[in-house]
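Notes to accompany the following structure.
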Amino acid sequence: MTITDNPPGAPPASPTGQTSKLGDRVFGGLSLGAGILILVTLAAVALFLITEAWPALGADTSEFDGDDTFIQYVGPLLFGTIWAAFLALLIALPMAVAVALFISHYAPKRLAVTFGYFIDLLAAIPSVVFGIWGIAVLAPILSRSVFPWLEDNLGFLPFFAGPASTSGRTMMTAAVVLAVMILPIITAISREVFLQTPRLHEEASLALGATKWEMIRQAVIPYGRSGVISGAMLGLGRALGETMAVAIILSPADLYTFNIISNQNPNTIASNIALKFPESSGLEVNRLIATGLVLFAITFLVNALARRVAGAGFSGAAG
Amino acid sequence: MTLTEQRPAPSGQPSTMTAGRLGTPRHIAVAVGAVVLGALTWLPSGSINWAHWVVVTLVAYCAGIYVVSRIVEGRRQGVDRLMFAVVTSCFAVVMLPLVSLVWTVVERGSARFDATFFTETMRGVVGEGGGAYHAIVGTLIVTGLATLMSVPFGLFTAIYLAEYGHGTRLAKAIQSMVDVMTGIPSIVAGLFAYALFELIFGPGTRSGVAGAVALTVLMTPVVVRSAEEMLRLVPDELREAAYALGVPKWKTIVKVVLPTAIAGIITGVVLAIARVIGETAPLLVTVGLTQGVNWNPFDGRMTTLPVFTYYQYVQPGLPPEAGQDRAWTAALTLMLIVAVLFSVARILSTALKPKGLK
């Protein structure tokens, strides 16, 4: 036990006496207050959202365009949010794990830091810039060479049923952009756990004659599995809440569909808020805030799950 | 390679150590073949298609190296080489969007990267001309206010977590709530700030300070996390030495702990600023948009660079090129600001490091 572990109530005796005791009380109080303010802020976020969402939940459906009940209104949005985030994760996860392995085990040691820096750069690009890049550069490429091919060759699958969009404003374009945006998060966490693999595990595997890939499969991946899963969940949380890129790219419609290459897409909650909020007033605002509350609840659950997985420790080493 | 494949070499024959290995010539042959195959996909059309070229080359290389290595070296080596090729290709493919994005923003953003853009506003501008002076002012004011609020807030919380509440139940609760706060979607933070200010000032209110509150919610957890980590790196011996000299705890923190950790703390703050300065969604719902300069964050709408970028791109007006050019230049400005912040963080972290400490 070190002296620093003293509880705040018992500071070390001081020759200056009264003034420093006062100083300690003020300083300790300030930092305790800041800490409690964190709890208050979070409670306030939930409380204010609920207060503002409440009128919309109880309101008569005739007050809104389309006479939708709240469930009918939020349903397609919720579906779109989860569908887009799921697709993004599907694309990003294998890529992120591969990139993390490349940086942690394959790249030359001296270049690995620089390569990692490049990936971090991706995380620093504002989402609105990703959005306009997605619609100006990526969407034309996909709609010119990828969507028609998918429709012709894989059109029997519901995902590629078409008709293929010519503008590129599709769920798939949005998902690719989201994937690029969440990849740095998953890569950063995976890289971290891969680097923590005990050196002895790796050497033992190599000493038994394993090739490098066999060593990675036997020692590195089992050790890092829970880290990768928690990174993926954090990435999923980010993809669920991502707003601007989706708002710029998608052409929204009020429907459920798994078709990812057509112009008719369900919107996401966040993007719907960004598109409608500036022009809304009255109960419409309350309804948008209520959808925001739903989004908050989902991301809260996903993030809590991610922490639980990470909190279970990187126990993959044992199993 | 398994032992069964390698019989002891009869005396008189050359060493078998290099036999059954993929030599450099064959390796190069596979690589060149893949590049040529990739080039064939765009050569007929006459114009270079970089994305096609890179992707086809990588796929062809992965397939080629697997087949050749499997024939020459056996299955296990083949898989090993395949995975090396796949992992490296994935990295290359991930670099494509980064390169393409930076290239596009610089190329299209440079068209309007002129003095007018940085000195004029959009007031009364239809079509060509106009600038983002008001948006830059707005971004600086809103982000500055958010920094002023979140740095003391975050720093004191970090001090509580690292110095006072170490291990207590309250500290653990705060820590997990900081984690929760990190995961709040930015649009939800915006809605919170809107709801807060609507309850105080009535419906439909928009102001710079509401945006700053939204950004504070996003920025504080980042500051707390990095500052706490830095405070924990300060060796306990320094604190104990101060206590032994009779220095009270708060003075120890202010004069000993904080100066030791200051480089890391400032770096963390700068990175947190870089994170929130590009936020669009929360500012869209709290600060709104206006055509002229508004210096007063407590009254009325302001324009910020990310929101300016968004509206100039999706509602460019006529002709659309003028608005879109402004959007790209705003995006370029935004990315330059982020790049400058990153460099500042890097320089500060080395310059402020206390001497004699590793």
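Residue numbers (the working numbering), protein chains in the order written: chain B, 267 to 585; chain Z, 9 to 366. Where is the CB? At the ideal position from N, CA and C, for every residue including glycine.
Listed along the chain, the chain B residues whose CB falls inside 7 Å of the CB of Ser108/Z are Val403. Annotation: Tyr522/B has no Cβ neighbours in chain Z at a cutoff of 8 Å; minimum Cβ distance is about 22 Å. Going by DSSP, Glu329/Z is part of the alpha helix (DSSP H) stretching over Pro328 to Ala359. In the assembly as shown, Lys263/Z is an exposed residue. Its beta-carbon has fewer than 16 other beta-carbons within 10 Å.
Within the stretch 425-437 of chain B, no residue places its CB atom closer than 7 Å to a CB of chain Z. Sixteen is the threshold: since fewer than 16 other Cβ atoms of the shown chains lie within 10 Å of the Cβ of Asn304/Z, the residue is exposed.
For Lys257/Z, the closest of Glu171/Z, Thr151/Z and Gly212/Z by C-alpha to C-alpha distance is Glu171/Z. In the DSSP annotation of this structure, His371/B is not part of any alpha helix (DSSP H), being labelled neither H nor E. In this structure, DSSP gives Asn531/B an extended state, which the three-state scheme calls strand.
Around the beta carbon of Gln320/Z, 16 or more other beta carbons lie within 10 angstroms, which makes this residue buried. Any Cβ of chain B closer than 7 Å to the Cβ of Met185/Z would place that residue at the interface, and such an atom is present.
Put simply, the CB of Val102/Z is near chain B, with a gap under 7 Å to one of its CB atoms. Nearest neighbour of Met130/Z by Cα position, chosen from Asp307/Z, Thr298/Z and Gln332/Z, turns out to be Thr298/Z. The criterion of a C-beta distance shorter than 7 Å is not satisfied by Ala339/Z and Glu136/Z. For the pair Phe381/B and Arg457/B, the Cα-to-Cα distance works out to about 12 Å. If you ignore the 5 residues before and after Ala576/B, its C-beta comes within less than 6 Å of the C-beta of Ser496, all in its own chain and listed in chain order. Listed along chain Z are Leu109, Val113, Gly286, Thr317, Ala339, Leu342 and Met343, each with a C-beta nearer than 8 Å to that of Val395/B. Contact between the stretch 521-531 of chain B and the stretch 505-513 of chain B is absent, with fewer than three C-beta pairs closer than 8 Å. Among the CB atoms of chain B, one or more fall inside 7 Å of the CB of Val346/Z. Taking the Cα positions, Ala71/Z is about 27 Å away from Arg491/B. Chain order gives the chain Z residues near Asp290/B as Pro256, Lys257 and Trp258, where near means a beta carbon separation below 7 Å. The C-beta distance from Ile261/Z to Ile167/Z rounds to 6 Å, short enough to fall under 8 Å. Residues of the same chain with a CB within less than 8 Å of the CB of Thr294/Z, apart from the 5 flanking positions on each side, are Gly198, Ala201, Tyr202, Phe205, Arg214, Ser215, Ala218, Gly219, Val221 and Ala222 in chain order. For Ala519/B, the three-state secondary structure derived from DSSP is strand.
Think of a sphere of 9 Å around the beta carbon of Tyr321/Z: the chain B residues whose beta carbon falls inside it are Val394, Gly397, Ile398, Ile401, Ala402 and Ile514, in chain order. Using a Cβ distance threshold of 7 Å, Ser77/Z and Arg89/Z count as a contacting pair. Within chain Z, the C-beta atoms nearer than 7 Å to that of Arg573/B come from Asp187, in chain order. Nearest to Ile398/B by C-alpha distance, out of Val95/Z, Val230/Z and Ala335/Z, is Ala335/Z. Within the stretch 164-177 of chain Z, the residues whose Cβ lies closer than 9 Å to some Cβ of chain B are Phe164, Thr165, Ala166, Ile167, Tyr168, Leu169, Glu171, Tyr172, Gly173, His174, Gly175 and Thr176, listed in chain order.
For the pair Pro429/B and Leu343/B, the Cα-to-Cα distance works out to about 22 Å. Not a single CB atom of chain Z sits nearer than 7 Å to the CB of Gly382/B.
For Ser547/B, the residues of chain Z that pass the 9 Å Cβ criterion are Pro211 and Gly212, in the order they occur in the chain. Secondary structure of Ser215/Z (DSSP, three-state): coil. Rounded to the nearest whole angstrom, the C-alpha separation of Ala179/Z and Thr165/Z is 9 Å. Taking C-beta atoms as the reference points, Thr453/B and Ile385/B count as a pair closer than 7 Å.
Annotation: the stretch 107-189 of chain Z contains the following complete segments of the alpha helix (DSSP H) (minimum length 4 residues), in chain order: 123-127 and 141-167.
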